[in-house]
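Chains as they are written, first to last, in the numbering used here: chain A, 92 to 425; chain B, 20 to 275.
Here is the structure we will look at.
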């Protein structure tokens, strides 16, 4: 089976799910990594070190800023001439667009956000790529097959192990031709919203409606919530993790949408998830229940969050969270 | 300016959706307009208010999807069109994009086509870029702000890495995210207008295309494995004692 891995990056910063895809690809044999952009030497080197046997690179000023159209045209042209069976990608806003457009060009299909993959049938005649993926926000799983080639498959973040890089490892470098048919221009970036990517975080500490509930502070709702998220953030910092939020907290205007876990937000699967002041509506639970270890801190002992949690504390997050931050700081020697 | 807002009908987000006898079920929960698509309708109405013009709501789905279109009309859309055909039951996302593109061409004269960034049911987010690709129009995904000037549109794309400002010529396809602003509630007048509106139904024959063959097909559905967990409630004399006991447990799980 001819397997390609698309290495997704933002201005040279590789999305870690790309390496997870490379690791999965290697289980089927030799793999080629696809690298598009401008000034891609470091990314190419990393792709070899993470296990690529070949790197097919289109390194061109026309690809400096990611735009769906030229990236899709370049990938579609390569795939039509070199006929891979399977193209694996991490799941990001870029790869959803890119694979979507290539599937139109190549009359094939895309399976997004998958957590398991099997290849059956004869690779040359009757290959079937069968995956498991969430539907209805993870309330149900489907087994879905793509019967055309190449099958585009985007992997759920952290669902597959990341291989260890091997320093100095190299392979075949192949240069690809760029299709510079951009239909838009990037005018700039505004840094008004800090970068947040809870999808890749190994530890997430989340706040819910409870962060605004502490009358003893004598503050209004928003100011209380701000204080609450400060405490949540302190714990996340000590644990080297990211800050998440429930929909209630986002709807309340306590924190930006980029932090939202669950329904209409992000589905996450960290090693440790600490839910602070989150009651656990079904839409939240489907977004975090694949975490390895779940800890809940809530005032209400009957909150549904405890049905998913391994450990719970029934109490005021404004008291428990700072105490836990201190305790973890000591245990971790920070 | 002519804006088309593409919407879909899905089970309400509160619904207890389950796999039951090989079918997806959601009990008595209502079918509603896909919540992400409400942002598309909101974005379309904002642009109509800013630049003049009309908003057409477009949906591919069964007869019942009329209700989702009526919601868009009640919010303020000028007209609504349903594409419905028994041959569309098992289409995949590329197929849906080909049907939508044919309908967008038949409506004619669109300057902008707006989608929600994904649907609550399939959740793949593939259809907006695929529709753009079929039409050959620029795709501006994950848009939180829109400014139209002459024949071009400049948007703020809300990405994981921050905000990116991108400009393209119209016609263009946009997918809209929450930053556009909360979708407006239907007004009393809007609801009355929507209840009286006639919604034309187009078949594949009306669009002049055949049923697209699906290359992505569902083989089985299942409920996610339930978590076999009993929650151990940590107690103690003082918050510090509780925190210390909990920290001990977390360390022992070796997840850090």
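Where is the CB? At the ideal position from N, CA and C, for every residue including glycine.
Drop a sphere of 10 angstroms on the beta-carbon of residue i, count the other beta-carbons inside from all chains shown, and report buried for 16 or more, exposed for fewer.
i, result
"residue 141 of chain B", "buried"
"residue 234 of chain B", "buried"
"residue 168 of chain B", "exposed"
"residue 200 of chain B", "exposed"
"residue 204 of chain A", "buried"
"residue 241 of chain B", "exposed"
"residue 314 of chain A", "exposed"
"residue 308 of chain A", "exposed"
"residue 215 of chain B", "exposed"
"residue 207 of chain B", "exposed"
"residue 240 of chain A", "buried"
"residue 82 of chain A", "Coverage of chain A is limited to positions 92 through 425, which leaves residue 82 of chain A absent and any answer about it impossible."
"residue 249 of chain B", "exposed"
"residue 120 of chain B", "buried"
"residue 423 of chain A", "exposed"
"residue 132 of chain A", "exposed"
"residue 58 of chain B", "buried"
"residue 172 of chain A", "exposed"
"residue 239 of chain B", "exposed"
"residue 242 of chain A", "buried"
"residue 224 of chain B", "exposed"
"residue 229 of chain A", "buried"
"residue 364 of chain A", "buried"
"residue 35 of chain A", "A question about residue 35 of chain A goes unanswered here, because the residues of chain A that appear run from 92 up to 425."
"residue 348 of chain A", "buried"
Is the shortest distance between the beta-carbon of residue i and the beta-carbons of chain E less than 8 Å?
i, result
"residue 177 of chain A", "Among the chains of the structure shown, chain E does not appear; the protein chains present are A and B."
Can you find a heavy atom of the ligand ADP that lies under 7 Å from the Cβ of residue i?
i, result
"residue 185 of chain A", "With respect to the ligand ADP, the structure offers nothing, as it holds no ligand at all."
Measure the beta-carbon distance from residue i to residue j and round it to whole angstroms, keeping in mind my assumption that it falls under 8 Å.
i, j, result
"residue 274 of chain B", "residue 234 of chain A", "About 29 Å; that fails the 8 Å criterion."
"residue 302 of chain A", "residue 340 of chain A", "6 Å"
"residue 247 of chain A", "residue 251 of chain B", "About 29 Å; that fails the 8 Å criterion."
"residue 161 of chain B", "residue 273 of chain A", "18 Å between Cβ atoms; not a contact."
"residue 186 of chain B", "residue 275 of chain A", "6 Å"
"residue 63 of chain B", "residue 22 of chain B", "4 Å"
"residue 56 of chain A", "residue 174 of chain A", "With chain A covering only 92 through 425, there is no way to say anything about residue 56 of chain A."
"residue 182 of chain B", "residue 281 of chain A", "4 Å"
"residue 221 of chain A", "residue 244 of chain A", "The Cβ separation is near 10 Å, so there is no contact."
"residue 288 of chain A", "residue 368 of chain A", "Actually they are not in contact, since the Cβ atoms of residue 288 of chain A and residue 368 of chain A sit about 23 Å apart, beyond 8 Å."
Run through chain B and tell me which residues come within less than 7 Å of residue i, C-beta to C-beta.
i, result
"residue 362 of chain A", "274"
"residue 435 of chain A", "Given that chain A is displayed from residue 92 to residue 425, the structure contains no residue 435 of chain A and the question cannot be resolved."
"residue 288 of chain A", "179"
"residue 249 of chain A", "Here the premise fails: no neighbours, minimum Cβ distance about 13 Å."
"residue 330 of chain A", "275"
"residue 427 of chain A", "Not covered by the structure: residue 427 of chain A. The range shown for chain A is 92 to 425."
In chain A, what lies closer than 8 Å to residue i by C-beta?
i, result
"residue 258 of chain B", "406, 410, 411, 414"
"residue 253 of chain B", "402, 403, 404"
"residue 142 of chain B", "203, 204, 225, 226, 227, 228"
"residue 89 of chain B", "Near residue 89 of chain B there are no residues of chain A at all, since even the closest Cβ is about 22 Å away, more than 8 Å."
So with CB distances below 9 Å, who are the chain A contacts of residue i?
i, result
"residue 242 of chain B", "230, 231, 232"
"residue 222 of chain B", "The premise fails here: residue 222 of chain B is roughly 23 Å from chain A at the closest Cβ pair, so nothing lies under 9 Å."
Can you pull the chain B neighbours of residue i, defined as C-beta to C-beta under 9 Å?
i, result
"residue 260 of chain A", "Result: empty, since nearest Cβ-Cβ is about 28 Å, beyond 9 Å."
"residue 147 of chain A", "Those do not exist, as residue 147 of chain A stays about 22 Å from chain B at its closest Cβ, beyond 9 Å."
"residue 297 of chain A", "Within chain B, no residue comes near residue 297 of chain A; the closest Cβ sits about 15 Å away, beyond 9 Å."
Would you mind telling me which residues of chain B sit closer than 8 Å to residue i, beta carbon to beta carbon, in chain order?
i, result
"residue 308 of chain A", "Neighbours of residue 308 of chain A on chain B: none; closest Cβ ~16 Å, over 8 Å."
"residue 426 of chain A", "No answer is possible for residue 426 of chain A: the residues shown for chain A start at 92 and end at 425."
"residue 384 of chain A", "269, 272, 274"
"residue 426 of chain A", "Outside the modelled stretch of chain A, which goes from 92 to 425, sits residue 426 of chain A, for which no answer is possible."
Give the interface partners of residue i over in chain A, defined as CB-CB distance under 7 Å, in chain order.
i, result
"residue 111 of chain B", "200"
"residue 183 of chain B", "277, 280"
"residue 186 of chain B", "275, 276, 278"
"residue 226 of chain B", "Residues of chain A passing the Cβ test: none, with the nearest at roughly 17 Å."
"residue 25 of chain B", "In chain order: nothing, as chain A lies at least about 15 Å away."
- Query: Is the region 400 to 420 of chain A close to the region 249 to 260 of chain A, with three or more CB pairs under 8 Å?
  - Reply: The region 400 to 420 of chain A vs the region 249 to 260 of chain A: no contact.
- Query: Below 8 Å, can you find three or more Cβ-Cβ pairs linking the region 331 to 341 of chain A to the region 288 to 299 of chain A?
  - Reply: Under the three-pair Cβ rule at 8 Å, the region 331 to 341 of chain A counts as touching the region 288 to 299 of chain A.
- the region 210 to 225 of chain B / the region 81 to 96 of chain B touching (three or more Cβ pairs under 8 Å): As far as the Cβ criterion goes, the region 210 to 225 of chain B touches the region 81 to 96 of chain B, which means the pair count is three or higher.
- Taking 8 Å as the threshold, find out whether the region 343 to 359 of chain A comes into contact with the region 387 to 400 of chain A through three or more Cβ pairs. Using a C-beta cut-off of 8 Å, the region 343 to 359 of chain A makes no contact with the region 387 to 400 of chain A, since fewer than three inter-stretch Cβ pairs fall below that distance.
- Message: With three or more C-beta pairs closer than 8 Å as the rule, is the region 142 to 149 of chain B touching the region 122 to 131 of chain B?
- Response: Between the region 122 to 131 of chain B and the region 142 to 149 of chain B there are fewer than three inter-stretch CB-CB distances shorter than 8 Å, so the stretches are not counted as touching.
- Message: Using 8 Å as the cut-off, can you tell me whether the region 158 to 165 of chain A makes contact with the region 151 to 161 of chain B, which would need three or more C-beta pairs spanning the two stretches below that distance?
- Response: In this structure the region 158 to 165 of chain A touches the region 151 to 161 of chain B; the number of beta carbon pairs closer than 8 Å is three or more.
- Message: Taking contact to mean 3 or more Cβ pairs, one atom from each stretch, closer than 8 Å, check whether the region 67 to 79 of chain B and the region 100 to 117 of chain B are in contact.
- Response: Yes: the two stretches touch, three or more of their Cβ pairs being nearer than 8 Å.
- Message: Count Cβ pairs between the region 100 to 110 of chain A and the region 128 to 148 of chain A that sit closer than 8 Å; are there 3 or more?
- Response: With the cut-off at 8 Å, the region 100 to 110 of chain A and the region 128 to 148 of chain A touch.
- Query: Of all the beta strand (DSSP E) runs that stay within the bounds of the region 212 to 252 of chain B, which reach a length of 3 or more residues?
  - Reply: Listed in chain order, the complete beta strand (DSSP E) runs (minimum 3 residues) inside the region 212 to 252 of chain B are 235 to 241.
- Item | Inter-stretch contact at 8 Å, needing at least 3 Cβ pairs: the region 105 to 114 of chain B / the region 186 to 205 of chain A | A contact exists between the region 105 to 114 of chain B and the region 186 to 205 of chain A.
- Message: Quick check for students: name the residue ranges of the beta strand (DSSP E) that lie wholly in the region 233 to 318 of chain A, counting only runs of 3 or more.
- Response: Note on the region 233 to 318 of chain A: whole beta strand (DSSP E) runs with a minimum of 3 residues are 242 to 246, 263 to 266, 275 to 281, 294 to 298, in chain order.
- Query: Is the region 118 to 131 of chain A in contact with the region 146 to 155 of chain A, if contact means three or more CB pairs nearer than 8 Å?
  - Reply: Segments in contact, yes.
- Item | Sequence ranges, beta strand (DSSP E) only - wholly within the region 63 to 124 of chain B, length at least 3 | Uninterrupted beta strand (DSSP E) stretches at least 3 residues long and entirely within the region 63 to 124 of chain B occur at 73 to 79, 98 to 102, given in chain order.
- Message: Which runs of the beta strand (DSSP E) at least 3 residues long sit entirely within the region 353 to 389 of chain A? Give them in chain order.
- Response: For the region 353 to 389 of chain A, the continuous beta strand (DSSP E) assignments of 3+ residues that do not extend past its boundaries occur at 363 to 367, 384 to 389, in sequence order.
- Output the residue ranges of the beta strand (DSSP E) runs that lie fully inside the region 172 to 229 of chain A and measure 3 residues or longer, sorted by chain position. Qualifying beta strand (DSSP E) stretches, in chain order: 177 to 181, 201 to 205, 207 to 211, 219 to 226.
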